[in-house]
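Asks: In the numbering used here, the protein residues as written are 1438 to 1793. Even for Gly, the Cβ is constructed at its ideal location relative to N, Cα and C.
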Amino acid sequence: LRADLWDTQAEFGPTAVPGLKDGEISFSQANAVLPFTNTLALVTLTGAQFETLLEQQWQRTADGAVPQRPYLQLGLSDNVTYTYDPALPEGERITSVTIDGAPLDPAASYRVGTFSFLATGGDNFRAFTQGTDYVDTGLVDYEAWMDYLADRSPLAPSFAKHAVQTSGVPETATAGEQVTFQVAGLNMTSRGAPENTMLQVALEGTVLAEVPVTSGTAGVTVTLPEGTPAGPATLTLTAPASGTVVSVTLEVAPATVPSATTTRLAAVLPLHLNRILPSTLVASVRQEDGGAPDGVVVFREGDRVVATVAVRRGIAAHTLGRLSLGSHTYTATFEPADPDVAETSTSGTVRVRALF
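1. If we count the other Cβ atoms within 10 Å of its Cβ and call it buried at 16 or more, is residue 1772 buried or exposed?
2. Alpha carbon to alpha carbon, how far is residue 1753 from residue 1787? Give it in angstroms, no decimals.
3. Is it true that the region 1473 to 1482 meets the region 1545 to 1560, where meeting means three or more beta-carbon pairs spaced less than 8 Å apart?
4. I believe residue 1684 touches residue 1535 by the beta-carbon criterion, under 8 Å. Please report the beta-carbon distance rounded to the nearest angstrom.
5. Along the chain, where does the beta strand (DSSP E) containing residue 1571 start, and where does it finish?
6. Is residue 1635 helix, strand or coil by DSSP?
7. Using a Cβ-Cβ cut-off of 8 Å (strictly less than) and excluding sequence neighbours within five positions of residue 1669, which residues of its own chain qualify?
8. Along the chain, where does the alpha helix (DSSP H) containing residue 1556 start, and where does it finish?
9. Check whether the region 1649 to 1669 and the region 1593 to 1612 are in contact - that is, three or more C-beta pairs closer than 8 Å.
10. How long is the line joining the alpha carbons of residue 1508 and residue 1488, rounded to whole angstroms?
11. Please identify the residue among 1512, 1526, 1590, 1648 whose C-alpha is closest to the C-alpha of residue 1597.
12. Considering only their Cβ atoms, is the gap separating residue 1473 from residue 1562 smaller than 8 Å?
13. If I measure Cβ to Cβ from residue 1715 and keep anything under 8 Å in the same chain, skipping five residues before and after, which residues do I get?
14. Taking only three categories from DSSP, how would you classify residue 1494?
15. When the Cα of residue 1795 is compared with those of 1627, 1626, 1671, which residue comes out closest?
16. State the CB to CB distance for the pair residue 1545 and residue 1483, rounded to an integer number of angstroms; the pair is presumed to be in contact (CB under 8 Å).
17. Tell me the start and end of each unbroken beta strand (DSSP E) in the region 1602 to 1665 that is at least 3 residues and wholly inside, in chain order.
18. Could you tell me which residues DSSP puts in a beta bridge with residue 1732?
19. How far does the alpha helix (DSSP H) with residue 1465 in it extend, from its first residue to its last?
20. Does the region 1566 to 1583 come close enough to the region 1493 to 1505 that 3 or more CB-CB pairs lie under 8 Å?
21. Between residue 1603 and residue 1616, how many whole angstroms is the CB-CB distance? I'm expecting something under 8 Å.
22. Is residue 1506 helix, strand or coil by DSSP?
23. How long is the line joining the alpha carbons of residue 1564 and residue 1490, rounded to whole angstroms?
24. With a 10 Å radius around its C-beta and 16 neighbouring C-beta atoms as the bar for buried, classify residue 1793 as buried or exposed.
25. Determine the DSSP secondary structure at residue 1589, reduced to helix, strand or coil.
26. Would you give the residue range spanned by the beta strand (DSSP E) that residue 1720 belongs to?
27. Do residue 1769 and residue 1700 have their CB atoms nearer than 8 Å?
28. Quick one: using the 10 Å Cβ neighbour count with 16 as the cut-off for buried, is residue 1451 buried or exposed?
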């Protein structure tokens, strides 16, 4: 047999079984990697149960104690990836799971193959025992392993990570605004594993950014495109050097359509007699959806601000002071206090003629 297999101890820690070196290997060397002689079993889990299974990698015994080995990482088939945040509370550390390129459906059923030891709740993975349709195939694990090596020789390892740490991913986001979070654990420590230097971030096949990776860590800041539909949105993170591909899902908030307003300006007494009969500028502001606008009206003569007046019951008024003789032209602009109300353009002009 010839195999180019990675050192599992380097990747999964000192309690892992010995790995295989590059080159030809003997039966005994291959058997040392998988010496347990378990049979292979099948069990059906719901998506929710499978997520619980991943949470149980952070170990608890049946009586609730933390065992001597507090974390045991499950190996996964190449169609399964997930993200996690170890800083979150116990039971909430798995932040996303992707199966066959789609987000995990908690209510769906998934057929899972594993060793009989695990499938019956071994190593504190008790979620397996909640599954249904358990079948012990009778196939011995090391025999399947030897057949795999023989049928696929020569072999080379995959350096794609199935589990990547993320933190700070927002639960909701708004189209047109930035999303920022952190990614870690992108690099394997196995012999021959490539160093990732770049992480690609895409939405629905469109690349939004390429961010640098340093020592397996990246800070992601991307802007969700305008027009991104409301609802779940999946960002795909790809590290080309290792082939790692994981997904994070966030909720895009519905777009807020600003409520339109109209502003009309009139002059009470278009003839201004200064202190005897001064003119008053009256602006009427109406919101098209029937709401009461809250904000201010800015009165201007040309570019000069004459007054800024709060809107009360849809009206803002300003009495003019002493004016120079001749015609004066005024405009009024409504500036809303609520960002969800559209700011109108300057209203039509009015002229006031000062006589003396």
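Replies: Considering the structure as presented:
1. The residue labelled residue 1772 in the question sits at position 335 within the sequence shown. Exposed, since its Cβ has fewer than 16 Cβ neighbours within 10 Å.
2. By one-based count along the sequence shown, residue 1787 stands at place 350. By one-based count along the sequence shown, residue 1753 stands at place 316. Cα to Cα, residue 1787 sits roughly 15 Å from residue 1753.
3. yes
4. Translated into the one-based positions of the sequence shown, residue 1684 becomes position 247. Translated into the one-based positions of the sequence shown, residue 1535 becomes position 98. The pair is a contact, with the Cβ atoms about 5 Å apart (cut-off 8 Å).
5. For the purposes of this step, residue 1571 is identified with residue 134 of the sequence shown, where counting begins at 1. Unbroken beta strand (DSSP E) run through residue 1571: 1569 to 1577.
6. The residue labelled residue 1635 in the question sits at position 198 within the sequence shown. Correct three-state label for residue 1635: strand.
7. Residue numbering aside, residue 1669 sits at position 232 when the sequence shown is read from its first letter. Within the same chain, and ignoring the five residues on either side of residue 1669 in sequence, the residues whose Cβ sits closer than 8 Å to its Cβ are 1540, 1686, 1687, 1688, 1689.
8. Translated into the one-based positions of the sequence shown, residue 1556 becomes position 119. From DSSP, the alpha helix (DSSP H) with residue 1556 extends over 1553 to 1556.
9. yes
10. In the sequence shown, counting from the first residue as 1, residue 1508 sits at position 71. In the sequence shown, counting from the first residue as 1, residue 1488 sits at position 51. Going from the Cα of residue 1508 to the Cα of residue 1488 covers about 16 Å.
11. Position 160 of the sequence shown, counted from the start, is the residue given in the question as residue 1597. Residue 1512 is the option with its Cα nearest to residue 1597.
12. Along the sequence shown, read from residue 1 onward, the residue named residue 1562 stands at position 125. Along the sequence shown, read from residue 1 onward, the residue named residue 1473 stands at position 36. Against a cut-off of 8 Å, the Cβ pair of residue 1473 and residue 1562 comes out as no contact.
13. Position 278 of the sequence shown, counted from the start, is the residue given in the question as residue 1715. Answer for residue 1715: 1706, 1709, 1756, 1757, 1758, listed in chain order.
14. Counting from one through the sequence shown, the residue named residue 1494 turns up at place 57. In this structure, residue 1494 counts as coil in the three-state DSSP scheme.
15. Limits of the chain in this structure are 1438 at one end and 1793 at the other, which puts residue 1795 out of reach.
16. For the purposes of this step, residue 1545 is taken as residue 108 along the sequence shown, with counting starting at 1. For the purposes of this step, residue 1483 is taken as residue 46 along the sequence shown, with counting starting at 1. Right, the Cβ-Cβ distance comes to about 7 Å (below 8 Å), so this counts as a contact.
17. For the region 1602 to 1665, whole beta strand (DSSP E) runs of length 3 or above, ordered along the chain, are 1615 to 1621, 1635 to 1640, 1643 to 1649, 1655 to 1660.
18. On the sequence shown, residue 1732 is found 295 positions in, with the first residue counted as 1. Beta-bridge pairing links residue 1732 to 1773.
19. Here residue 1465 refers to the residue found at position 28 of the sequence shown. Unbroken alpha helix (DSSP H) run through residue 1465: 1464 to 1470.
20. As far as the Cβ criterion goes, the region 1493 to 1505 does not touch the region 1566 to 1583, which means the pair count is below three.
21. If you number the sequence shown from 1, residue 1603 lands on position 166. If you number the sequence shown from 1, residue 1616 lands on position 179. Not really, about 12 Å apart at Cβ, beyond 8 Å.
22. Reading the sequence shown from its first residue, position 69 is the one you call residue 1506. Coil, per DSSP.
23. On the sequence shown, residue 1564 is found 127 positions in, with the first residue counted as 1. On the sequence shown, residue 1490 is found 53 positions in, with the first residue counted as 1. Roughly 5 Å between the two C-alpha positions.
24. Working through the sequence shown from its first residue, we reach residue 1793 at position 356. Residue 1793 should be labelled exposed.
25. Indexing the sequence shown from 1 puts residue 1589 at position 152. Here residue 1589 sits in helix by DSSP.
26. What you label residue 1720 is simply residue 283 of the sequence shown in a count that begins at 1. For residue 1720, the enclosing beta strand (DSSP E) covers residues 1717 to 1724.
27. In the sequence shown, residue 1769 corresponds to position 332, counting from 1. In the sequence shown, residue 1700 corresponds to position 263, counting from 1. It is a contact, given that the beta carbons lie within the stated cut-off.
28. The residue you call residue 1451 lines up with position 14 of the sequence shown. Any reading at residue 1451 needs caution, since the residue's pLDDT is 34, under 50, leaving its predicted position unreliable; the model's value is listed next. Its Cβ having fewer than 16 others within 10 Å, residue 1451 is exposed.
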